[in-house]
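K.L.:
Here it is, the structure, as structure tokens.
Given below as structure tokens:
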């Protein structure tokens, strides 16, 4: 009986202890598997990188435009040399004048430097595709823009006086074209040489002309003497004498010179150089005498060097003339270079 009670008591105690253990399972000190997942160190989150703000449209356009300008611009070295690729039919004079907008005089001055810089043995034999350096600080585009601005500025001048002054300045400059007129004078007679030169200058002289002094000279007594040639050019009068004048004729010549008529004395044994120098100098025509390399406009396009006078005839437009005593079949040519010059 006693054993039965002890068994019941033990059973009751076990039941009570089991109930407490069940309550303890719900206590806050029990570890939950979900809590383990939450306590695990989280993976580092990726930082949000904000997209780069696009540049302002105007700024982007300016940058693109500057890049485009750099792509279009021809290469220019620090020393101011520009490169040029030789094309079919090119020669140095044509390159400088046509592609770089230089005047005839400027191109002539620059040719020796171009030849030396590029070590060119023969300027008449440039290779197609050859690259040469041109010592200039302006590109062809810049020169073209500059010429366009100058042309627009000249055309927009309103006053006739300004236009007239501009035309006058342009008329005495050397023509921009490289084309020249070649004139050969082969005669050895000074009078025939003088007539040929005056004809080239579009002057028609009077032969064996009597010239009188004014009435105010020698107490209203008119004095006259015969001159071999007499002509007028640009409002001035000239007389030509091929022989030593007699004392009386010499006196009349001196009186005529005092009145403003210029006397040109030419010896009977004078050659082309002496005759041309006397006439061109008396008429105040600037010239260059020396050897000139030219490309003749004949059937074979002959390249040669001609010795003679290079000057500009003041016509509209001005005409560049090469006067030589060498017989030449062609009447026109292209001036390539001037090797030696003696300028008045």
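Residue numbers (UniProt numbering): 1 to 344.
Positions of the beta carbon are idealized from the N, C-alpha and C atoms, including for glycine.
#1: Along the beta strand (DSSP E) that carries residue 302, what are the first and last residues, could you check?
#2: Is the distance from the Cβ of residue 334 to the Cβ of residue 295 below 7 Å?
#3: Is residue 317 close to chain B, meaning its C-beta is less than 7 Å from at least one C-beta of that chain?
#4: Counting Cβ pairs, one atom from each stretch, are 3 or more of them under 8 Å apart for the segment 245-261 and the segment 272-287?
#5: Would residue 291 be called buried (16 or more neighbouring beta carbons within 10 Å of its own) or exposed?
#6: Could you tell me if residue 80 is buried or exposed, where buried requires 16 or more neighbouring beta carbons within 10 angstroms of its beta carbon?
#7: Quick check: what's the CA-CA separation for residue 188 versus residue 271?
#8: Could you tell me which residues DSSP pairs with residue 227 in its beta bridges?
#9: What is the rounded straight-line gap between the Cα of residue 87 and the Cα of residue 275?
#10: Quick check on this structure: which residue in 198, 225, 204 and 205 has the alpha carbon closest to the alpha carbon of residue 211?
#11: Can you pull the DSSP bridge partners for residue 233?
#12: What is the rounded straight-line gap between the Cα of residue 114 and the Cα of residue 126?
#13: Within the same chain, show all residues whose beta-carbon is closer than 6 Å to that of residue 263, passing over the 5 residues directly before and after it, in chain order.
#14: Please list the terminal residues of the continuous beta strand (DSSP E) segment that includes residue 280.
#15: So, under 8 Å CB-CB, residue 332 and residue 308 are touching, yes? Tell me the CB distance rounded to an integer number of Å.
#16: Taking residue 230 as the reference, give the member of 223, 318 and 279 with the closest Cα.
#17: State the start and end residues of the unbroken beta strand (DSSP E) segment that holds residue 324.
#18: Is residue 167 helix, strand or coil by DSSP?
#19: Quick check on DSSP: helix, strand or coil for residue 254?
#20: If you drop the 5 nearest sequence neighbours on each side, which residues of the same chain put their C-beta closer than 6 Å to that of residue 173?
#21: Leaving aside the five residues before and after residue 346 along the sequence, list all residues of the same chain whose C-beta is less than 8 Å from its C-beta, in chain order.
#22: What's the gap between the Cα of residue 322 and the Cα of residue 302?
#23: Compare the C-alpha of residue 185 against each of 273, 298, 121 and 268 and name the closest.
#24: Count the other CB atoms within 10 Å of the CB of residue 194; is the residue buried (16 or more) or exposed (fewer)?
#25: Relative to the alpha-carbon of residue 116, which residue among 130, 102, 103 and 135 has its alpha-carbon at the smallest distance?
#26: Would residue 179 be called buried (16 or more neighbouring beta carbons within 10 Å of its own) or exposed?
#27: Going along the chain, which residues of its own chain have a beta-carbon closer than 6 Å to the beta-carbon of residue 200, five neighbours each way excluded?
#28: May I have the straight-line CA-CA distance separating residue 89 from residue 299, to the nearest angstrom?
#29: Could you tell me which residues DSSP puts in a beta bridge with residue 135?
#30: Taking its Cβ as the centre, do 16 or more other Cβ atoms sit within 10 Å of residue 110, making it buried, or is it exposed?
P.N.:
In brief:
#1: Looking at the DSSP string, residue 302 is not in any beta strand (DSSP E), and its letter there is neither H nor E.
#2: The answer is yes: Cβ separation under 7 Å.
#3: The displayed structure is made up of one protein chain only, and chain B is not part of it.
#4: As far as the Cβ criterion goes, the segment 245-261 does not touch the segment 272-287, which means the pair count is below three.
#5: The residue is exposed, with fewer than 16 neighbouring Cβ atoms inside 10 Å.
#6: By the 10 Å Cβ count, residue 80 comes out exposed.
#7: Residue 188 and residue 271: Cα-Cα distance of roughly 7 Å.
#8: For residue 227, the beta-bridge partners assigned by DSSP are 209.
#9: Here the alpha carbons of residue 275 and residue 87 stand approximately 42 Å from one another.
#10: Ranking 198, 225, 204 and 205 by Cα distance to residue 211 puts 225 first.
#11: The partner list for residue 233 (beta bridge, DSSP) reads 236.
#12: About 12 Å.
#13: Scanning its chain for C-beta atoms nearer than 6 Å, with the 5 sequence neighbours on each side dropped, one finds around residue 263 the residues 239, 253 and 257, in chain order.
#14: Element bounds for residue 280: not the beta strand (DSSP E) but the alpha helix (DSSP H), 272-282.
#15: Contact between residue 332 and residue 308 is absent: CB atoms are separated by about 15 Å, not below the 8 Å threshold.
#16: The shortest Cα separation from residue 230 among 223, 318 and 279 belongs to 279.
#17: 319-324 is the span of the beta strand (DSSP E), which, as asked, contains residue 324.
#18: Low per-residue confidence applies at residue 167: pLDDT is 37, beneath 50, and the placement is therefore not dependable, though the value from the model is reported in the following sentence. DSSP places residue 167 in helix when its eight states are reduced to three.
#19: DSSP, read as helix, strand or coil, puts residue 254 in helix.
#20: With a pLDDT of 40 at residue 173, under the threshold of 50, the predicted position of this residue should be treated as unreliable, and no value is reported.
#21: Shown here, the chain extends from 1 to 344; a query on residue 346 therefore has no answer.
#22: Spanning the two alpha carbons is a distance of roughly 16 Å.
#23: Nearest C-alpha to residue 185: 273.
#24: Residue 194 should be labelled buried.
#25: Nearest option by C-alpha distance: 135.
#26: Residue 179 comes out exposed.
#27: So the list reads 183, once near-sequence residues are dropped.
#28: Their backbone Cα atoms lie some 15 Å apart in a straight line.
#29: The partner list for residue 135 (beta bridge, DSSP) reads 81.
#30: Label assigned to residue 110: buried.
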